[in-house]
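Structure, as structure tokens:
Protein chains: 2
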Amino acid sequence: MTREVKKPEIRKNEILATAQRFFFDKGFESTSIQDIIDELGIAKGTFYHYFNSKTDLLDQLINSITDEMYSVLIPIVESDMTAIDKFNTMFREGSAFKMTNPEVFIIMLKVLFTDENTILRSKIYRKMVEKLTPMYAEIIKQGNEEGVFHVSMSPDDIAELLLQVGANLNETICRLMLRKDMTPKLLSHLIQTKIAVYQDTMENILHTPHGSIKFLQQGNTEDMVKIYFQQLTNAHSTDTDRLYQRGY
Amino acid sequence: MTREVKKPEIRKNEILATAQRFFFDKGFESTSIQDIIDELGIAKGTFYHYFNSKTDLLDQLINSITDEMYSVLIPIVESDMTAIDKFNTMFREGSAFKMTNPEVFIIMLKVLFTDENTILRSKIYRKMVEKLTPMYAEIIKQGNEEGVFHVSMSPDDIAELLLQVGANLNETICRLMLRKDMTPKLLSHLIQTKIAVYQDTMENILHTPHGSIKFLQQGNTEDMVKIYFQQLTNAHSTDTDRLYQRGY
DNA sequence: TTTCATAGACCGTCGGTCGGTCTATGGTAT
DNA sequence: ATACCATAGACCGACCGACGGTCTATGAAA
Chain V
18 MTREVKKPEI RKNEILATAQ RFFFDKGFES TSIQDIIDEL GIAKGTFYHY
68 FNSKTDLLDQ LINSITDEMY SVLIPIVESD MTAIDKFNTM FREGSAFKMT
118 NPEVFIIMLK VLFTDENTIL RSKIYRKMVE KLTPMYAEII KQGNEEGVFH
168 VSMSPDDIAE LLLQVGANLN ETICRLMLRK DMTPKLLSHL IQTKIAVYQD
218 TMENILHTPH GSIKFLQQGN TEDMVKIYFQ QLTNAHSTDT DRLYQRGY
Chain B
18 MTREVKKPEI RKNEILATAQ RFFFDKGFES TSIQDIIDEL GIAKGTFYHY
68 FNSKTDLLDQ LINSITDEMY SVLIPIVESD MTAIDKFNTM FREGSAFKMT
118 NPEVFIIMLK VLFTDENTIL RSKIYRKMVE KLTPMYAEII KQGNEEGVFH
168 VSMSPDDIAE LLLQVGANLN ETICRLMLRK DMTPKLLSHL IQTKIAVYQD
218 TMENILHTPH GSIKFLQQGN TEDMVKIYFQ QLTNAHSTDT DRLYQRGY
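For the record, the sequence lines run as chains V and B. Numbering of the first sequence is given in this note's numbering, commencing with residue 18 and proceeding in unit increments. Numbering of the second sequence is given in this note's numbering, commencing with residue 18 and proceeding in unit increments.
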């Protein structure tokens, strides 16, 4: 084959980008190195020149994903909002189930929560918790100073705990959405309930007045679920489906 | 090879038992079907006569493990203890980091928290949460009636949340123990702190007086860590090590 | 001329399939 | 009661394609 030399940085990013597409499209285990190099028209050796192993690729990919997340969230922490506003905004921006791009979201949802993607999910979660803990700790300190939070224990420990709880909520909601036996009404009711439970819990942890923590308005959830179901019925015979089925 | 016919139930249990040993010994991905059938002296076909796939084997194994856990915990729920005693006893019995059998525990710890075992861990956690939620919900109801808990939301939702938080604590402690830069003193201090944070959180969630929830006494943690370090230094040149290294 | 990005043939291992064999069992004919 | 035989299903192991990963040769750029 004709030989094409590119700047290492560009090549590497191409590989990372293609890998991300494939992983979110058909899953980590189901994506073979061969898939990636065929798509890019490069050879095995080229791939292994840039990455030591498939796992190495995954790790670097997750690093770049969480880095981007970090850069999205850091302006919030550094803004002049109140602690409560920062807290709520962070959770809204950080949650996976936000509806900025429904079609992409649905594919991701369906693929990400497969057994074979447990590693990917869990690595993202861990890295996220690691990178975001200091940010949340800052917000907690700010809230304590403002007198709206009353956290007596180490802000870092509490931040970590809150992030874990947030991740649990996120996962719980995603799994609800993947259940087959759902109507829009039932789904949005269940989600509402879960959110209420977790918001309440976080308020208890932060010792902040009831109603302070608000990830989503009731209306938002319903809109979100509505869009989700529309997208879901569309997905049967469109590009989305083709993308999703490619692996089987 | 000579043909040996056994009762299906016995054969199947042999396979499950061997699989469990291998999975906890060298990991799920690192254990090949070949490993298992070689150990048992059976043929590939025999294995696939009983299990549809490697994943099927894992699922059935996890079912049997969580079933056993269930049968250990159900007497506690059905006993005549107070809600708080039940709650604390359940957590002590249910946590992975209990020290009944330190050498086995250390191997499990080291292997279980490998990347390649993420699936195994996460499946166990999910099945556990699923099976234990009703039990914890019962305890919460009892506590409400006794007037020691004041949970206003759905006991099932709260039970699920508490189990998730418990699992988070469990994992956090296990990861602390795996860190290389630890002295016994530092480790037991960090564990104490984490436990304090999570106990406090659970008390907040259950609205129960401070000090009600007590997974471990301070002394217990220190003993536990001491045993752990003894075992850890032993492990360098013994059977444990050989077992552990077998896969590499 | 040196350096290193690139190519692609090659390797061992893995999960899984398949055609077929052996054996325990229970109904049936004697 | 005993001998027979058909059936179910436990068991075998050669075989397969696909996978992750290695290695050496080679071409392009500096």
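Where a beta carbon is used, it is the ideal one built from N, C-alpha and C, also for glycine.
Measure the C-alpha to C-alpha separation of residue i and residue j and round it to an integer number of angstroms.
i: Ile82 of chain V; j: His66 of chain V; result: 22 Å
i: Glu155 of chain V; j: Leu204 of chain B; result: 25 Å
i: Phe232 of chain V; j: Phe104 of chain V; result: 9 Å
i: Ser139 of chain B; j: Met86 of chain V; result: 24 Å
i: Tyr135 of chain V; j: Leu129 of chain V; result: Checking the sequence shown, residue 135 of chain V turns out to be Thr, not Tyr. Using only the alpha carbons, I get a separation of about 8 Å.
i: Arg196 of chain B; j: Lys202 of chain B; result: 14 Å
i: Phe122 of chain B; j: Asp84 of chain B; result: 20 Å
i: Leu249 of chain B; j: Thr200 of chain B; result: 12 Å
i: Lys115 of chain B; j: Gly228 of chain B; result: 21 Å
i: Ser47 of chain B; j: Lys71 of chain B; result: 12 Å
i: Phe64 of chain V; j: Ile32 of chain V; result: 8 Å
i: Asp76 of chain V; j: Ile27 of chain V; result: 18 Å
i: Phe68 of chain B; j: Lys23 of chain V; result: 48 Å
i: Ile93 of chain V; j: Gln159 of chain V; result: 13 Å
i: Glu56 of chain V; j: Arg192 of chain B; result: 38 Å
i: Glu21 of chain B; j: Arg38 of chain B; result: 22 Å
i: Asn118 of chain B; j: Ser88 of chain B; result: 19 Å
i: Asp102 of chain B; j: Ile244 of chain V; result: 47 Å
i: Asn30 of chain V; j: Glu120 of chain V; result: 24 Å
i: Met170 of chain B; j: Ile157 of chain B; result: 11 Å
i: Ile124 of chain V; j: Glu95 of chain B; result: 44 Å
i: Glu239 of chain B; j: Pro172 of chain V; result: 25 Å
i: Thr106 of chain V; j: Asn237 of chain V; result: 14 Å
i: Thr19 of chain V; j: Pro25 of chain B; result: 58 Å
Give the DSSP-derived three-state secondary structure of residue i in the structure shown.
i: Asp198 of chain B; result: coil
i: Asp84 of chain B; result: helix
i: His167 of chain V; result: coil
i: Ile190 of chain B; result: helix
i: Tyr261 of chain B; result: Any reading at Tyr261 of chain B must be qualified, since the residue scores a pLDDT of 36, below 50, and its modelled position is unreliable; the value itself is stated next. Three-state result, Tyr261 of chain B: helix.
i: Gly58 of chain B; result: coil
i: Ser49 of chain V; result: coil
i: Met98 of chain V; result: coil
i: Leu137 of chain V; result: helix
i: Ile27 of chain B; result: helix
i: Phe41 of chain B; result: helix
i: Ser205 of chain V; result: helix
i: Val22 of chain V; result: coil
i: Pro226 of chain B; result: coil
i: Thr131 of chain B; result: coil
i: Leu233 of chain V; result: coil
i: Asn118 of chain V; result: coil
i: Asn69 of chain B; result: coil
Between the Cα of residue i and the Cα atoms of the options, which residue gives the shortest distance?
i: Asn187 of chain V; options: V:Pro172, V:Gln216, V:Gln159, V:Gly164; result: V:Gln216
i: Glu163 of chain V; options: V:Gln234, V:Gln181, V:Leu90, V:His224; result: V:His224
i: Arg143 of chain B; options: V:Glu147, V:Asp132, V:Met194; result: V:Asp132
i: Glu110 of chain V; options: V:Glu21, V:Ile222, V:Thr99, V:Ile91; result: V:Ile91
i: Glu147 of chain B; options: V:Asn118, V:Ile222, V:Thr189; result: V:Thr189
i: Phe108 of chain V; options: V:Met194, V:Arg20, V:Leu193, V:Tyr153; result: V:Tyr153
i: Ala34 of chain V; options: V:Ile79, V:Gln235, V:Glu21, V:Val89; result: V:Ile79
i: Leu180 of chain V; options: V:Gln234, V:Asp55, V:Met145; result: V:Met145
i: Asp198 of chain V; options: V:Phe246, V:Met170, V:Gln234, V:Thr106; result: V:Phe246
i: Phe45 of chain V; options: V:Asn30, V:Gln234, V:Asp73; result: V:Asp73
i: Met241 of chain B; options: B:Asn251, B:Met194, B:Pro226; result: B:Met194
i: Gln235 of chain V; options: V:His206, V:Glu21, V:Arg38; result: V:His206
i: Ile141 of chain V; options: V:Ile244, V:Ser112, V:Asn237; result: V:Ser112
i: Asn307 of chain V; options: V:Glu120, V:Pro226, V:Thr106, V:Ile124; result: There is no way to answer for residue 307 of chain V, as the model of chain V reaches only from 18 to 265.
Taking 8 Å as the cut-off, decide whether the C-beta atoms of residue i and residue j are in contact.
i: Ile59 of chain V; j: Ala36 of chain V; result: no
i: Thr150 of chain V; j: Ala176 of chain V; result: yes
i: Thr210 of chain V; j: Val182 of chain V; result: no
i: Asn168 of chain B; j: Ala100 of chain B; result: According to the sequence shown, residue 168 of chain B is Val rather than Asn. Not a contact, by the Cβ cut-off of 8 Å.
i: Val214 of chain V; j: Asp174 of chain B; result: yes
With residue i and residue j assumed to form a contact (beta carbons below 8 Å), what rounded beta-carbon distance in angstroms separates them?
i: Ile230 of chain V; j: Glu220 of chain V; result: 5 Å
i: Leu126 of chain B; j: Phe40 of chain B; result: Their Cβ separation, rounded to whole angstroms, is 14 Å, which puts Leu126 of chain B and Phe40 of chain B out of contact at 8 Å.
i: Ile50 of chain V; j: Lys61 of chain V; result: 7 Å
i: Ile222 of chain B; j: Leu178 of chain B; result: 7 Å
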